[in-house]
Amino acid sequence: MSKPNIYDLGFAKRMEVLVEKYGGSIASLAQKLEVSPPTIARWIKGEADPTRSNLIKIAQTTNVSLEWLALGIGDQKEFPVEITESQQNDNFELIDDFRNVRVSAGFGAFNGDNQTPKKISIEKAWFHARHLKPKDCAMFLVNGDSMYPTLKDGEEIIVDRSKRELDEGKIFVINHQGAMWVKKVRFNFNGIDLISDNSTYNPINLTTEEANSLLIIGQVVRSHRNF
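For the sequence shown, my numbering begins at 951 and goes up steadily by one.
Structure (structure tokens):
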């Protein structure tokens, strides 16, 4: 008879997420946490749980909520971290921070004139693992619940602005006559449908002419998970 697993497998899954944040490298995360790679491997396999002090260190080092890490409750609040002079080093890249620009997951959020972005830092390993160029990426903030549960109200998203051609089933940030939308794309014979993952919202139907007038900001490549 096999021995029952007494450890938290939910925590093991969350540790997998954090390793992915470091380019999928257990060694890189182990170096940051000042623990051995085999220790992290045991946490991921559900063969052990960290001590309380190590749990706190993991949360602080990876910039996640301690409650999320330990219990799976609430938002992950994962990286990126706000840029400061002390944080900026060879392990980070700067991208544009447009979180002051409202990107609606509902019926469209209207913004003023062109915004001058701040900067936010993201670990280089994150870009490398996903074959993304930092200069092409920017951070936005979701406003509304029409893309729930895929995207939550107030959630940070990273957008690859080099991807300007709409792709079936992908999520894009789109400017339509001054309104900023974040929607999933579906093509039809007469144009495109902008789809909400929340079933209480109807698709937005655009003719081919209307679709051609869209300003495509870019494709969503990251929220609380990869796309």
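By construction, the Cβ of each residue, glycine as well, lies at the ideal position given by its N, Cα and C atoms.
Sheet register partners of residue i (DSSP bridge)
i, result
"Gln-1169", "Asp-1110, Phe-1122"
"Leu-1156", "Ile-1142"
"Arg-1136", "Asp-1143"
"Glu-1115", "Per DSSP, none; premise fails for Glu-1115."
"Glu-1043", "Ile-1072"
Exposed unless 16 or more other CB atoms sit within 10 angstroms - verdict on residue i
i, result
"Thr-1012", "buried"
"Gly-1058", "Caution applies to Gly-1058, whose pLDDT of 47 falls short of 50 and renders its modelled position unreliable; the model cannot decide the point."
"Glu-1043", "buried"
"Pro-1030", "Confidence in Pro-1030 is poor, its pLDDT being 48 and thus under 50, which makes the residue's placement unreliable; the coordinate value appears in the next sentence. Buried, by the Cβ-count rule."
"Asn-1093", "buried"
"Lys-916", "This structure does not reach residue 916, given that the chain is present from 951 up to 1177, and the question cannot be answered."
"Ser-1096", "buried"
"Thr-1157", "exposed"
"Ser-1071", "buried"
"Asn-1127", "Note that residue 1127 is Gln in the sequence shown here, rather than Asn. Gln-1127 should be labelled exposed."
Length of the line joining the Cα atoms of residue i and residue j
i, j, result
"Ser-1015", "Phe-961", "13 Å"
"Lys-971", "Leu-979", "9 Å"
"Ala-1009", "Gln-981", "15 Å"
"Pro-1153", "Ile-1107", "21 Å"
"Phe-1060", "Gly-996", "In this predicted model, Phe-1060 has a pLDDT of only 43, less than 50, meaning its place in the structure is not dependable; the value taken from the coordinates is given anyway. Approximately 47 Å, taken between the alpha carbons."
"Val-891", "Leu-968", "Given that the chain is displayed from residue 951 to residue 1177, the structure contains no residue 891 and the question cannot be resolved."
"Ala-1020", "Arg-1172", "23 Å"
"Asn-1041", "Gly-973", "12 Å"
"Glu-966", "Leu-959", "11 Å"
"Lys-1134", "Ile-1166", "12 Å"
"Pro-1000", "Glu-1017", "14 Å"
"Leu-983", "Lys-1007", "7 Å"
"Ser-1185", "Val-1053", "This structure gives no information on residue 1185, because the portion of the chain shown stretches from 951 to 1177."
"Arg-992", "Glu-1073", "25 Å"
"Ser-1003", "Pro-987", "17 Å"
"Arg-1111", "Gly-1168", "4 Å"
"Val-1132", "Phe-1122", "6 Å"
"Gly-1062", "Ile-1124", "Below a pLDDT of 50, predicted positions are generally treated as unreliable, and Gly-1062, at 44, falls in that range; no measurement from the model is reported."
"Ile-976", "Asn-1050", "34 Å"
Which of helix, strand or coil DSSP assigns to residue i
i, result
"Ser-1071", "strand"
"Glu-966", "helix"
"Ala-1088", "strand"
"Ser-1163", "coil"
Exercise for review: Evaluate the contact criterion for the segment 1067-1087 versus the segment 1141-1151: three or more CB pairs, one atom per stretch, below 8 Å.
Suggested key: The segment 1067-1087 is not in contact with the segment 1141-1151.
Exercise for review: Check whether the segment 1161-1170 touches the segment 1114-1124, counting contact only when three or more Cβ pairs, one atom from each stretch, lie closer than 8 Å.
Suggested key: Yes, they touch.
Review point. Taking contact to mean at least 3 C-beta pairs separated by less than 8 Å, is the segment 1095-1104 in contact with the segment 1065-1078?
Key: Pairwise C-beta distances place the segment 1095-1104 out of contact with the segment 1065-1078, as fewer than three of them are shorter than 8 Å.
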